[in-house]
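Protein chains in written order, with numbering that gives the first Met the number 0: chain H, 0 to 383; chain G, 0 to 383; chain E, 0 to 157.
Notes to accompany the following structure.
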Amino acid sequence: MAKRTAIVGVGQTNHTSKRRDVNGQELINEAVKRALADAGLTLRDIDAFVIGNMDHFEGINCVDGWSIDGSGAYMKPIMKVTTGGSTGGTLGSSAYYHVASGLFDVVMAIGWEKNSESDTQAAISTCADPILERDFFGGAIGPNAAEYAMYMKQYGASQEDAAMVAVRDHNNALNNPYAHLRKFITVEEVMNSPMLCYPIKLLDSCPRSDGACAVIYASEDRAPKIAPRPAWIHATAVSHDYVYFGDYDWEAMPTLEATASRVYKRAGITNPLKDIDVMELYLPFSTCGVVWMEHMWVCERGESPKLIRKGVFNMEGELPVNPSGGVLSTNPIGATALIRIGEAALQVMGKADDRQVPNVRTAMATAFGSCYWFEATILRSTMS
Amino acid sequence: MDNVAIIGVAQTKYEKGKTKNYAELVYEVSRMALDDAGLELADIDNVVTTTNDFYDGRTIACMAIAEAAGSYGRDATNVEGDGTLSAFYGLMRTLSDVYGTTLVTTHCKVSEGAPRKIFNQMFDPIYDRRLGMDAISSSALQARAYMDRYGITQEQCARVSVKNHGNARNNPYAHVPLDITVEDVMKSPVLADPIKRLDVAPVSDGACAIILAKEDRVKNGRRKPVWVKGVAHCTDAYRLGERDLSRAGALEEAARKAYAMAGVKDPSKEIDVAEVYDAFSYMELLWYEGLGFCGAGESGRLIDSGVTGMAGALPVNPSGGVLSAHAVQVAGLARIAECVLQLRGEAGRRQVPGAKLALAHGITGICAQTHCVWVLSDTPAKEV
Amino acid sequence: MEEKPNQATELLELSSGKAEHVYYWHCGYYTSRFLLGLRDQTTILGVRCSACGRVYVPPREVCGRCFKTMNEWVDLGTEGTIYAFTVVKLPYVDPNTGLPIKVPRTDIYVQFDGADTRLMHWLDEGDETKIKVGARVKAVFKKERRGTIHDIEYFTQV
Ligand SMILES: [Zn+2]
Numbered sequence: 000m001a002k003r004t005a006i007v008g009v010g011q012t013n014h015t016s017k018r019r020d021v022n023g024q025e026l027i028n029e030a031v032k033r034a035l036a037d038a039g040l041t042l043r044d045i046d047a048f049v050i051g052n053m054d055h056f057e058g059i060n061c062v063d064g065w066s067i068d069g070s071g072a073y074m075k076p077i078m079k080v081t082t083g084g085s086t087g088g089t090l091g092s093s094a095y096y097h098v099a100s101g102l103f104d105v106v107m108a109i110g111w112e113k114n115s116e117s118d119t120q121a122a123i124s125t126c127a128d129p130i131l132e133r134d135f136f137g138g139a140i141g142p143n144a145a146e147y148a149m150y151m152k153q154y155g156a157s158q159e160d161a162a163m164v165a166v167r168d169h170n171n172a173l174n175n176p177y178a179h180l181r182k183f184i185t186v187e188e189v190m191n192s193p194m195l196c197y198p199i200k201l202l203d204s205c206p207r208s209d210g211a212c213a214v215i216y217a218s219e220d221r222a223p224k225i226a227p228r229p230a231w232i233h234a235t236a237v238s239h240d241y242v243y244f245g246d247y248d249w250e251a252m253p254t255l256e257a258t259a260s261r262v263y264k265r266a267g268i269t270n271p272l273k274d275i276d277v278m279e280l281y282l283p284f285s286t287c288g289v290v291w292m293e294h295m296w297v298c299e300r301g302e303s304p305k306l307i308r309k310g311v312f313n314m315e316g317e318l319p320v321n322p323s324g325g326v327l328s329t330n331p332i333g334a335t336a337l338i339r340i341g342e343a344a345l346q347v348m349g350k351a352d353d354r355q356v357p358n359v360r361t362a363m364a365t366a367f368g369s370c371y372w373f374e375a376t377i378l379r380s381t382m383s
Numbered sequence: 000m001d002n003v004a005i006i007g008v009a010q011t012k013y014e015k016g017k018t019k020n021y022a023e024l025v026y027e028v029s030r031m032a033l034d035d036a037g038l039e040l041a042d043i044d045n046v047v048t049t050t051n052d053f054y055d056g057r058t059i060a061c062m063a064i065a066e067a068a069g070s071y072g073r074d075a076t077n078v079e080g081d082g083t084l085s086a087f088y089g090l091m092r093t094l095s096d097v098y099g100t101t102l103v104t105t106h107c108k109v110s111e112g113a114p115r116k117i118f119n120q121m122f123d124p125i126y127d128r129r130l131g132m133d134a135i136s137s138s139a140l141q142a143r144a145y146m147d148r149y150g151i152t153q154e155q156c157a158r159v160s161v162k163n164h165g166n167a168r169n170n171p172y173a174h175v176p177l178d179i180t181v182e183d184v185m186k187s188p189v190l191a192d193p194i195k196r197l198d199v200a201p202v203s204d205g206a207c208a209i210i211l212a213k214e215d216r217v218k219n220g221r222r223k224p225v226w227v228k229g230v231a232h233c234t235d236a237y238r239l240g241e242r243d244l245s246r247a248g249a250l251e252e253a254a255r256k257a258y259a260m261a262g263v264k265d266p267s268k269e270i271d272v273a274e275v276y277d278a279f280s281y282m283e284l285l286w287y288e289g290l291g292f293c294g295a296g297e298s299g300r301l302i303d304s305g306v307t308g309m310a311g312a313l314p315v316n317p318s319g320g321v322l323s324a325h326a327v328q329v330a331g332l333a334r335i336a337e338c339v340l341q342l343r344g345e346a347g348r349r350q351v352p353g354a355k356l357a358l359a360h361g362i363t364g365i366c367a368q369t370h371c372v373w374v375l376s377d378t379p380a381k382e383v
Numbered sequence: 000m001e002e003k004p005n006q007a008t009e010l011l012e013l014s015s016g017k018a019e020h021v022y023y024w025h026c027g028y029y030t031s032r033f034l035l036g037l038r039d040q041t042t043i044l045g046v047r048c049s050a051c052g053r054v055y056v057p058p059r060e061v062c063g064r065c066f067k068t069m070n071e072w073v074d075l076g077t078e079g080t081i082y083a084f085t086v087v088k089l090p091y092v093d094p095n096t097g098l099p100i101k102v103p104r105t106d107i108y109v110q111f112d113g114a115d116t117r118l119m120h121w122l123d124e125g126d127e128t129k130i131k132v133g134a135r136v137k138a139v140f141k142k143e144r145r146g147t148i149h150d151i152e153y154f155t156q157v
């Protein structure tokens with residue numbers, strides 16, 4: 000029998016640029032222990048595990064088996080899922096379907112990355128087709144830079160509009176003890192930071208972090224006994240579409256639009272701006288925080304800069320986005336999107352401490368992968 | 000568990016150095032699986048692909064097969080590991096309330112990379128990897144531990160190779176059908192004592208796909224649906240030094256769970272045919288014990304008695320098994336596909352007459368760290 | 000960071016070494032035909048879906064939208080327009096050579112007339128103020144061609 004499913008525990012490491020004091024398994028273990036403590040469970044309570052990361056970032060083949068000393072999945076079911084940058088979203092969905100299938104009661108999703116162990120920009124460039132595109136693909140930044148250049152031309156937006164998103168996310172991170180970058184910044188500082196790839200500057204873009212995140216999912220039979228206020232999963236959705244980067248329609252963003260439409264429909268959301276109380280979005284660059292709001296149907300085409308200038312997405316605004324500081328302040332890639340889900344769950348559970356948005360009933364988390372693979376999750380404080 | 004059936008299967012022929020790229024292989028089997036099920040792509044609610052960035056030679060390899068697997072614009076996800084695990088995740092998604100049908104694909108073009116080097120990347124980078132461990136040397140340690148403990152002879156292992164290569168002569172998809180004797184195996188060059196050339200699976204290119212459907216989505220097609228009765232997976236310790244290599248503990252655990260789900264009490268009597276992951280000849284013997292086909296240490300006598308031969312009471316690997324065709328990640332799903340053909344009565348010259356209950360088995364990791372067991376039947380469970 | 004018991008006096012780091020892991024990518028029929036088009040005809044070939052009419056470059060076997068095999072080849076010529084561009088200024092390790100890439104390097108998407116998807120390549124202009132989205136560009140082929148994407152040396156604005 001299919002089961003309703005909720006998140007009952009979240010754990011993450013204190014993310015930072017380089018963790019030389021732990022190996023990968025030990026890093027994972029920190030998040031696992033914190034998730035168990037958060038849920039008040041022990042390893043014995045976990046029926047199955049899913050884990051994910053980027054293969055070529057640490058060069059370890061089959062991390063599901065490798066992880067055992069850290070994940071604690073010894074003599075238990077564990078499998079690996081991976082979809083690039085969106086891996087964390089894929090992990091969350093996978094743990095959700097483990098439970099929703101009725102086959103497992105309590106399942107832990109683990110995302111992790113030690114970006115410091117290789118040149119991740121070189122590794123990510125090998126996601127382009129090796130025969131036809133690899134040599135012309137300067138990592139994830141290129142397409143995103145091109146996307147915002149087009150947007151500015153079309154809608155009269157400015158680099159300052161993106162800088163305001165950077166300021167929002169970076170300064171929200173000051174309230175999050177787990178965030179990697181925690182430094183107060185201004186629009187002026189963003190504008191004056193070095194240009195990486197026009198029009199994206201250093202402070203518009205995500206860092207590379209070492210870190211791990213573990214999220215515990217439980218069935219309707221177990222969740223209410225584990226957590227006083229579980230975060231119920233109401234819908235997940237995915238879309239991706241292309242094989243070559245040149246296939247993608249950057250102006251229409253079809254996969255983001257399809258993902259958002261699908262997840263809203265499944266969760267019964269008709270007006271995201273009104274129906275959703277907080278969003279944890281996978282925004283690898285501040286520019287995405289401008290353009291993508293429109294493709295998620297939060298506002299009309301070209302309107303996003305106006306809403307950003309009005310502070311609609313700030314902590315005290317109508318729809319706070321990224322109270323955690325988002326991807327711009329923390330980015331251990333395989334964990335990044337799972338942190339979005341974990342943070343959204345903490346908001347619903349009322350456990351987000353200094354970054355808590357008051358009275359959250361509905362939250363949304365998204366994932367983004369470098370093949371424009373989008374995933375989205377809607378969480379609510381009520382089961383149905 | 001609600002009733003779920005496998006309603007379509009497809010495999011390529013397994014061979015070395017296929018000229019098609021792996022996306023084209025995936026398209027071939029996806030198309031054939033749909034045809035086999037009598038479905039159009041529009042009938043598929045979601046897709047689970049299987050990739051491994053090391054074997055596929057690029058980061059986020061799931062990008063490369065988006066169109067080929069029919070996942071364009073469709074809910075999709077991606078597992079890294081043996082195809083039995085991808086299929087298990089596909090089963091979970093099918094059992095949830097969200098999807099009614101799932102296409103599962105696996106592919107491998109191991110001929111494009113260096114398989115021994117890739118396997119070496121499973122080992123701990125600080126310890127065993129630096130010693131140059133690979134699949135053959137680590138498996139030789141496992142073979143030695145197992146054979147010494149129970150007095151299993153090299154001739155008994157050779158008998159597995161003779162049986163499976165012989166069976167492969169009846170399987171048009173097999174890579175290495177051979178008419179050989181125990182003496183031929185014993186005289187073949189020693190690769191790592193006690194493993195000889197003819198004890199080892201080949202490296203093959205190929206692809207396999209299956210389609211899963213909930214009972215209410217199983218149409219009265221031209222093919223007989225094959226029903227999933229039990230599935231489980233389990234993972235042992237990572238480091239070889241922590242494992243009892245003479246026993247398949249994780250397999251025992253996975254089998255125990257799968258049998259409990261399927262209501263199987265005496266596997267050696269109830270199962271009509273088994274397809275197991277025999278990457279090396281000794282493995283098939285070790286798996287007999289893990290699967291409860293006989294007691295610990297009794298596999299040598301079991302193979303000698305001919306019980307697992309085509310004319311025996313429990314034929315194992317009528318297809319020729321993995322010893323006769325080894326596309327990594329594909330091989331486990333191929334075991335499921337072969338069981339489906341057996342239960343439909345469509346296995347041609349390798350058909351086990353009257354097969355009603357079948358077992359498929361997959362492995363992944365160093366010395367089969369993870370096992371996955373499927374029990375399949377020609378009849379659905381009765382309504383409770 | 001948690002306090003670790005029995006702290007080591009020094010934290011070590013090991014490199015994976017210089018050993019290269021070489022792959023041999025099989026191009027298959029569609030990519031091979033495309034590369035032969037560059038090498039032997041100095042032209043860019045696409046493939047049209049007979050069901051929806053979309054023209055794909057680079058060519059591939061299946062139209063993802065229609066899930067149909069494509070067989071209708073289209074010669075797209077050597078000229079198109081800039082769909083998007085970026086000047087890469089952050090050097091990273093070139094996975095082909097292990098050496099840092101040379102920056103600035105301009106990556107572009109070329110929109111060929113009559114194609115529905117775009118080809119990635121380089122533009123011979125490193126100053127972003129001199130590049131315009133929509134500008135006409137032309138492929139410059141090498142004299143010695145070997146059947147790779149680098150048979151086109153770069154694109155240049157016309
Ligand atoms: Zn089409």
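Glycine included, C-beta positions come from ideal geometry on N, C-alpha and C.
Everything numeric in this text was worked out from a predicted model, so none of it was measured.
For residue i, the nearest candidate out of the options (CA to CA)
i, options, result
"Tyr-276 of chain G", "G:Val-372, G:Pro-352 and G:Gly-294", "G:Val-372"
"Leu-202 of chain H", "H:Asn-114, H:Ala-38 and H:His-169", "H:His-169"
"Val-359 of chain H", "H:Leu-345, H:Gly-210 and H:Leu-306", "H:Leu-345"
"Pro-352 of chain G", "G:Gly-331, G:Gly-311 and G:Leu-332", "G:Gly-311"
"Leu-118 of chain E", "E:Arg-64, E:Leu-11, E:Pro-90 and E:Tyr-153", "E:Tyr-153"
"Met-278 of chain H", "H:Ala-161, H:Gly-368, H:Glu-302 and H:Val-326", "H:Val-326"
"His-174 of chain G", "G:Ala-253, G:Thr-307 and G:Ser-203", "G:Ser-203"
"Ser-303 of chain H", "H:Phe-103, H:Gln-120, H:Ala-156 and H:Phe-56", "H:Ala-156"
"His-149 of chain E", "H:Ala-226, H:Glu-159 and H:Asp-134", "H:Asp-134"
"Asn-437 of chain H", "H:Gly-333, H:Gly-341 and H:Val-356", "This structure cannot settle anything about residue 437 of chain H, because the visible part of chain H is limited to 0 through 383."
"Ala-75 of chain G", "H:Tyr-241, H:Val-21, H:Tyr-281 and H:Met-194", "H:Tyr-241"
"Ser-124 of chain H", "E:Cys-26, E:Pro-94 and E:Pro-57", "E:Pro-94"
Which residues DSSP lists as bridging residue i, in chain order
i, result
"Thr-365 of chain H", "H:Ala-375"
"Arg-47 of chain E", "E:Val-54 and E:Glu-71"
"Asn-77 of chain G", "G:Thr-48"
Separation of residue j from residue i, as counted between CA atoms
i, j, result
"Thr-93 of chain G", "Arg-221 of chain G", "22 Å"
"Pro-129 of chain H", "Val-320 of chain H", "37 Å"
"Glu-116 of chain H", "Asp-271 of chain G", "50 Å"
"Val-383 of chain G", "Asp-44 of chain G", "Note on Val-383 of chain G: pLDDT 46, under 50, position unreliable in the model; no value is reported."
"Tyr-145 of chain G", "Leu-35 of chain H", "37 Å"
"Asn-51 of chain G", "Glu-66 of chain G", "18 Å"
"Leu-40 of chain H", "Ala-99 of chain H", "20 Å"
"Ile-232 of chain H", "Val-62 of chain H", "27 Å"
*Any residues whose CB sits closer than 7 Å to a heavy atom of ligand 1? List them in chain order?*
Residue list for ligand 1: E:Cys-48, E:Ala-50, E:Cys-51, E:Arg-53, E:Cys-62, E:Arg-64, E:Cys-65 and E:Lys-67 (CB closer than 7 Å to any heavy atom, chain order).
*Decide yes or no for the touch test of the region 183-192 of chain G against the region 155-163 of chain G: beta carbon pairs closer than 8 Å, at least 3 of them.*
With a cut-off of 8 Å, the region 155-163 of chain G and the region 183-192 of chain G count as touching, because enough Cβ pairs lie within range.
*asked:* Across the region 179-198 of chain H and the region 335-342 of chain H, are there enough close Cβ pairs to call them in contact, namely three or more that are closer than 8 Å?
replied: Counting C-beta pairs closer than 8 Å gives fewer than three between the region 179-198 of chain H and the region 335-342 of chain H, which falls short of the contact rule.
*Flag this pair as touching only if the region 4-16 of chain G and the region 318-336 of chain G have three or more C-beta atom pairs under 8 Å; answer yes or no.*
Taking a contact to require three or more Cβ pairs closer than 8 Å, the region 4-16 of chain G and the region 318-336 of chain G qualify as touching.
*If you pair each beta-carbon of the region 192-207 of chain G with each one of the region 134-147 of chain G, do three or more pairs fall below 8 Å?*
Because the criterion of three Cβ pairs below 8 Å is met, the region 192-207 of chain G and the region 134-147 of chain G touch.
*asked:* Under 8 Å: do the region 110-127 of chain H and the region 203-215 of chain H share three or more Cβ pairs, one atom per stretch?
replied: Touching, yes, given that three or more Cβ pairs across the two stretches are closer than 8 Å.
*With a cut-off of 8 Å, do at least 3 Cβ pairs link the region 140-153 of chain H to the region 285-301 of chain H?*
With a cut-off of 8 Å, the region 285-301 of chain H and the region 140-153 of chain H count as touching, because enough Cβ pairs lie within range.
*Determine contact between the region 235-255 of chain H and the region 89-103 of chain H, defined as no fewer than three beta-carbon pairs at a distance below 8 Å.*
By the criterion of at least three beta-carbon pairs nearer than 8 Å, the region 235-255 of chain H is in contact with the region 89-103 of chain H.
*Using 8 Å as the threshold, is the region 224-243 of chain G in touch with the region 357-372 of chain G, meaning 3 or more CB pairs across them?*
Contact between the region 224-243 of chain G and the region 357-372 of chain G is present, because at least three Cβ pairs lie under 8 Å.
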